[in-house]
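Asker: Residue numbers (the working numbering), protein chains in the order written: chain A, 457 to 1322; chain B, -10 to 232.
Sharing a structure below in structure tokens format, with a few things to ask.
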Amino acid sequence: MIAAAQAGSHALLVAPTGGGKTLAGFLPSLIELAERAPKPETGPGAGVHTLYLSPLKALTTDVERNLMTPIREIGLNIHVESRTGDTKQSKRQRQRDFPPDILLTTPEQLALFCAWDGARSYFADLKCVVLDEVHAIWSGKRGDLLSLGLGRLQKYAPEMRRVALSATVDDPQMIADWLAPSPNAPLPSPLEGEGGPEGRMRGLPAPRSSPESQPEDTAPSSELLRNPPSPSGGEGSDVPAASTVTIVRGDPGAPPVVDVLVSEGKVPWAGHTGQHAIPEVYDALRRSGMTLIFVNTRWQAEFVFQQLWAINDENLPIGLHHGSLAAEQRRKVEAAMARGDLRAVVCTSTLDLGIDWGDVDLVIQLAAPKGASRLVQRIGRANHRLDEPSRALMVPASRFEMLECQAAREAVAENAFDWEPVHTGTLDTLAQHVMGCACSEPFLMEDLYAEITGCGPYRGLTYDQFEEVVDLVATGGYALRTYERFARIVRDAKGRWKVRNAQTAQRHRMNVGAIVAAATLNVRIASRRGQRLMGGRKVGEAEESYFEQMTPGDTFVFAGQVWAFQAIAGMDALVTHAQHSDPKIPSWGGSKFPMSTSLADRVRAMVQDRDHWRVLPPDVQEWLELQEAKSVIPQADTMLVETFPRGSRHFLVAYPFEGGLAHATLCMLLTRRLDRLGVGPLGFVVTDYSLAIWSIRPMDGLDLDRLFEPDMLGDDLETWLEESFMMKRTFRNCALISGLIEKRQPGNEKTGRQVTFSTDLIYDVLRRHQPDHLLLKTARADAAAGLLDVARLGQLLARIQGHIQHVHLDRPSPFCVPVLVQIGRERVGGGQAAEMILDASAYGFDEEDLIAEVMSDAPPELAGAQ
Amino acid sequence: MNAALKQALSPARCPSGGLRVSIEGEPCVLRCSGALWVLNHCTLIAADLHLEKGSAFAARGQMLPPYDSRATLDRLEAEIDALQPATVILLGDSFHDSKSVGRMAPDDAARLHRLAAGRDWIWLEGNHDIRALADAMDALPGQVIETLSLGSLRLIHEPQPGVQPGEVAGHLHPAARVAAHGRGVRRPAFVTDGRRAVLPAFGAFTGGLDVRDPAIAGLFEHPPLAAALGRDKVHALPWETLR
């Protein structure tokens, strides 16, 4: 790393967690800062030297602590500060007036800096930017925003070195290409096929900014950099530093020891909480030092935390860490962990990334790992000494998960990492960046275009596309040009674009970021005051959509207890303690991460291979045999479909074993067809292994080969996309990120029960009147790539043509239990079922109905309105 | 449906999918579009069009699509074509804000004139558009009125408290929600007890207020009927099935 730094080269360090990566990233900066001349208070040379960007707020705090220790011990005069969304206003102001040497922050904060008019001079002294955990961020919208921000920084400080730190990945060159500041390889253009391929700017040279466009030069402290010690033969030191990235590979370390915990020799049929194994998990952490217990959702984290404390006879200090806890609470837990005051922490992906606690002794993965790379990453939390193996324990929560854990264990042993697809920059994110640039300083179209096409994900961006984005930023990008006078950005006399006024810039800054959070409600215990329900103690927070499916009285599990849903009042979901121990609505908490394709392949092979069953626990083997007896074991190149009635609904369960994304898309297309066939599909749910659809009328008489015919990927996919609620959701995200609509402002929240003006209405109107609008195209591209896995679905449908094995059962089969209790149900949007429900709820007004009603009339009801 | 409500409403299904009811003795059809058709007066009533809501947001820096006015006018035109009313009454809040008329695209403004030609066209004043109507009547067809009587009906933008026989109003944007099979469906809805009625909002960019909110439910002495707009049919929902 030091060699790459001395050569002035950009670098990507690929190493397993625990290799001291973060410190290695900072080392060149620390050396430079230690050797520099005294720093002036203000003016040239007083700026930030090294900017550290991490995808997690928690990491910045942790790195600050880990950096300060050596700095203090050696007695260096280096000033380190962190800045996140939680940083106080007074501290932010101080950081602006007196920049620290090393600033630790997040991509969102960088985007905010980019939208600030002081950004250019603030970063003029920048020598190095360190991107931590880059593997976790590069291929998404946050990665796009980060890449664009780097392009900006490089313009402010042309000599800035880019250093990225990554966990071990399948193909490091992809990340190196993303990181490189000028074209390494051409990428396909975003939304290929759209926009006239005029390409007048295509031959543009690499966007190294010209020297005269830079402000002042030669700050005293940059002397050292200009005369670096002679390169000591580091890799790639003979190549011009500007455009290449040196890939540095770290020591792989000792292979980890991974065990699967089979609780009392039993694996439960279904579920995702791992509740059955809690006593043994407790026992494991009792016998170990500091233990991290990873779960996949924060609901599960709450639940496991409660369960552990319920049996915590020894009063072991067990903590909780997840994304919806208050910042101070997370800080407290992090500090306690660092001091070694905790024995265990139940956590979600908030602690996935490289926080360096040297004394983590054991990692427990409760429930399925979903991917070999993620598992390796989590295992790496334990024992940050390379020469000793990390210890990890996987606890499968269900029988399919047992298969998945076994597959993951085999993948880790074979060093097989998950494969990642190519990523192309998204245009809604670009729109946000363009607006930010205009808030910072005026820009010329050509200059900004050159800067942006130097950013990895945007190398293929055409000038036409860029113009379209600028138009979107200015006036919304509408063919009906009635908004010119309201434009958010305007051209000055020199033809440069700038923000309309200070208020517009301020509003943009309030809406920066590429993460769109789901609307959440506070879950509060209700008390009755007279006739009215009042919200009491807050139990936690939950997605608004979770409560959509509930009617008052429905029971559900939350935070380890059974509650009865009562009502929604403002931003609160009011609940009461439930009498039953058997909740009607299954607890929320299926994994949000889809199983990786490589892991899904392994699981499918294992199910079909009877010899492989022998490595599984006896009850799982029995379960497979029971499935064979009661239904069928899905064989190679056939797909099993089971149909059966249950309650007031009819079910269809299929087992493609192709991963959650492809299953969800398949369900959406199938429900369209089922809607046309008049069976009234109501909803569906998927797991990584199977899918279930339920409907008002039975589905066993259907021609399944026709139902699953691959032509659904043609017109059906197109039409479905247009109308789907997934598209509406994707559109909403794109509209929020691009700045077309603003996020809810604090104090102005509204819920579905109050007057709402939803983005669905905007979507419907836009789709009808300007179907080629940029954001609709962006939403479509997002949906096809991220949410749908259309490519994989195509392979699946081709594979099963003529190979569908249908079994009609009078009750659920052993295999279908997991999917039936799976959470994260999707309802079928629009369609016949909505009309059927309205119809079923409504009075009939045919003559017979009326007569029947008149005959059976009850005395007037007094309940209701008052 | 209880006997009193049934007697007051005397509901019947129309071939169009609408629901024929009687409001204070006046035969009316609750149309699938959300408009009210007053048979004996050949009059079409629509509430809360909120024209130019998109551009109102744009003027404040949020570039919502500028197509909401034409989407709303498309639906209004379809109703006018289907019914050929002698009179069209817009029940207030026809424009989203005081400067709406000036922001209208020329096409849309021209269409308003075309739709109004050959019939009486009446704008009732609403809280959102009282200034727009006062300032821009030169540019608009028809006439502006605060309240209006039509047979036994009394038309007004904002429902008045207390017992108001024959009152037909808008303003509240009622919407009703039912749930079955673990799933909820929410739609704009008429609310009526056969004595008075609140119309759903007709505009393309208008949200809804739950009919059980005291602001709506409190207008009725006894539980009224919520008539929700379906795809091709108006669904008469019993009050106790609402969620």
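Here a beta-carbon is modelled for each residue, glycine too, at the ideal position from N, C-alpha and C.
1. Excluding sequence positions up to five away, which residues of its chain have a Cβ less than 7 Å from the Cβ of A:P898?
2. Less than 9 Å between CB atoms is the rule here; does B:A(-3) satisfy it with respect to chain A?
3. If you check the beta carbons only, do A:E860 and A:M1155 fall under 9 Å apart?
4. Can you list the residues of chain A that B:F194 reaches, using a CB-CB cut of under 8 Å?
5. Suppose only complete runs of 3+ residues qualify. What are the beta strand (DSSP E) ranges in the region 72 to 135 of chain B, listed by chain order?
6. If you follow the beta strand (DSSP E) that A:D817 is in, where does it begin and where does it stop?
7. With 9 Å set as the bound, which would you pick, yes or no: does the beta-carbon of B:Q51 sit closer than that to a beta-carbon of chain A?
8. Closer than 9 Å, CB to CB, is A:F942 near chain B or not?
9. Taking the alpha carbon of A:H1106 as the reference point, which residue from A:A1118, A:A1148, A:L1072 has its own alpha carbon closest?
10. If we call anything under 9 Å between Cβ atoms a contact, is A:R576 one with A:S896?
11. Along the chain, where does the alpha helix (DSSP H) that runs through B:G43 open and close?
12. Is the separation between the beta-carbon of B:A45 and that of B:R92 shorter than 9 Å?
13. Exposed or buried, what is A:K547 when buried is set at 16 or more other beta-carbons lying within 10 Å of its beta-carbon?
14. In chain A, which residues lie less than 8 Å from B:R59 when you measure between Cβ atoms?
15. Which residue comes first and which comes last in the beta strand (DSSP E) that contains A:K611?
16. Under a three-way DSSP split, which group does A:E648 fall into?
17. For the alpha helix (DSSP H) containing A:D1075, name the first residue and the last one.
18. Out of B:A178, B:G183, B:P213, point me to the one whose CA is closest to B:L198's CA.
19. So for A:Q833, helix, strand or coil by DSSP?
20. CA-CA distance, A:G822 and A:I749?
21. Compute the Euclidean distance between the alpha carbons of A:S595 and B:A36, then round it to the nearest angstrom.
22. Quick one, which of A:I734, A:G1195, A:M746 has its alpha-carbon nearest A:N768's?
23. Name the residues in the region 117 to 131 of chain B whose C-beta lies less than 8 Å from a C-beta of chain A; which are they?
24. DSSP three-state call for A:W875: helix, strand or coil?
25. Which residues, in order along the region 908 to 934 of chain A, keep a beta-carbon less than 7 Å from a beta-carbon of chain B?
26. If the criterion is Cβ atoms closer than 9 Å, does the pair A:V925 and A:L886 meet it?
27. Find the nearest neighbour of A:G1193 within the set A:V929, A:E870, A:E1165, judged by alpha-carbon distance.
28. Considering just the uninterrupted stretch of the alpha helix (DSSP H) at A:S1054, what are its terminal residues?
29. Apart from the five residues on each side of it in sequence, which residues of its chain come closer than 7 Å, Cβ to Cβ, to A:Q1340?
30. Measuring CA to CA, which of B:E114, B:H160, B:L144, B:I34 is closest to B:V200?
31. Throw me the rounded Cβ distance for the A:V714 and A:M850 pair, which I believe falls under 8 Å.
32. Is the separation between the beta-carbon of A:V1031 and that of A:R980 shorter than 9 Å?
33. Name the one or two DSSP bridge partners that A:S983 has.
34. Could you compute how far the alpha carbon of A:T1186 sits from the alpha carbon of A:D588?
35. What in chain B is Cβ-close to A:I1197, meaning under 9 Å?
36. Sort B:L208, B:S83, B:T195, B:C3 by Cα distance to B:I34 and report the nearest one.
Answerer: In brief:
1. Excluding residues within five positions, the ones whose Cβ falls inside 7 Å are D948, R952, W953, K954.
2. No, its Cβ sits nowhere closer than 9 Å to a Cβ of chain A.
3. Using a Cβ distance threshold of 9 Å, A:E860 and A:M1155 do not count as a contacting pair.
4. Those are F1213, L1217, I1218, V1221, listed as they occur along chain A.
5. Those beta strand (DSSP E) runs which fall completely within the region 72 to 135 of chain B and span 3+ residues are 76 to 79, 109 to 113, 132 to 134.
6. From DSSP, the beta strand (DSSP E) with A:D817 extends over 816 to 822.
7. Chain A contact via Cβ: present.
8. The beta carbon of A:F942 sits closer than 9 Å to some beta carbon of chain B.
9. For A:H1106, the nearest C-alpha among the options comes from A:A1148.
10. Closer than 9 Å, so yes.
11. From DSSP, the alpha helix (DSSP H) with B:G43 extends over 42 to 48.
12. Cβ distance < 9 Å, so B:A45 and B:R92 count as in contact.
13. It is exposed - the Cβ of A:K547 has fewer than 16 other Cβ atoms within 10 Å.
14. Identification of chain A residues near B:R59 by a Cβ-Cβ cut-off of 8 Å yields H1225, ordered along the chain.
15. Careful: A:K611 lies outside any beta strand (DSSP E), inside the alpha helix (DSSP H) at 597 to 612.
16. Low confidence applies to A:E648: its pLDDT is 40, below 50, so where it sits in the model is not reliable enough to give any reading.
17. It spans 1074 to 1086 - the alpha helix (DSSP H) in which A:D1075 sits, taken as one unbroken run.
18. Nearest option by C-alpha distance: B:A178.
19. The three-state secondary structure of A:Q833, taken from DSSP, is helix.
20. Note on identity: in this sequence residue 822 of chain A is Leu, with Gly being the wrong assignment. Distance from the CA of A:L822 to the CA of A:I749, rounded to the nearest whole angstrom, comes to 7 Å.
21. Their Cα atoms are separated by approximately 48 Å.
22. Ranking A:I734, A:G1195, A:M746 by Cα distance to A:N768 puts A:I734 first.
23. Correct list: empty, as no residue qualifies.
24. If DSSP states are grouped into helix, strand and coil, A:W875 belongs with coil.
25. Those residues of the region 908 to 934 of chain A that come within reach of chain B (Cβ to Cβ, closer than 7 Å) are T931, G932, Y934.
26. Yes, they are a contact pair.
27. The amino acid occupying residue 1193 of chain A in the given sequence is Ile; Gly does not appear at that position. Nearest of A:V929, A:E870, A:E1165 to A:I1193, Cα basis: A:V929.
28. A:S1054: member of the alpha helix (DSSP H) spanning 1053 to 1064, first to last residue.
29. Residue 1340 of chain A lies beyond the residue range present for chain A, which begins at 457 and ends at 1322; the question has no answer from this structure.
30. Ranking B:E114, B:H160, B:L144, B:I34 by CA distance to the CA of B:V200 puts B:H160 first.
31. Between A:M850 and A:V714 the Cβ distance is about 7 Å, and since that is below 8 Å, they are a contact.
32. Against a cut-off of 9 Å, the Cβ pair of A:R980 and A:V1031 comes out as a contact.
33. When DSSP reads this structure, A:S983 sits in a beta bridge with A:M990.
34. Answer to the nearest angstrom: the Cα atoms are 28 Å apart.
35. Within 9 Å Cβ-Cβ: F46, Q51, M52, L53.
36. Closest by alpha carbon: B:S83.
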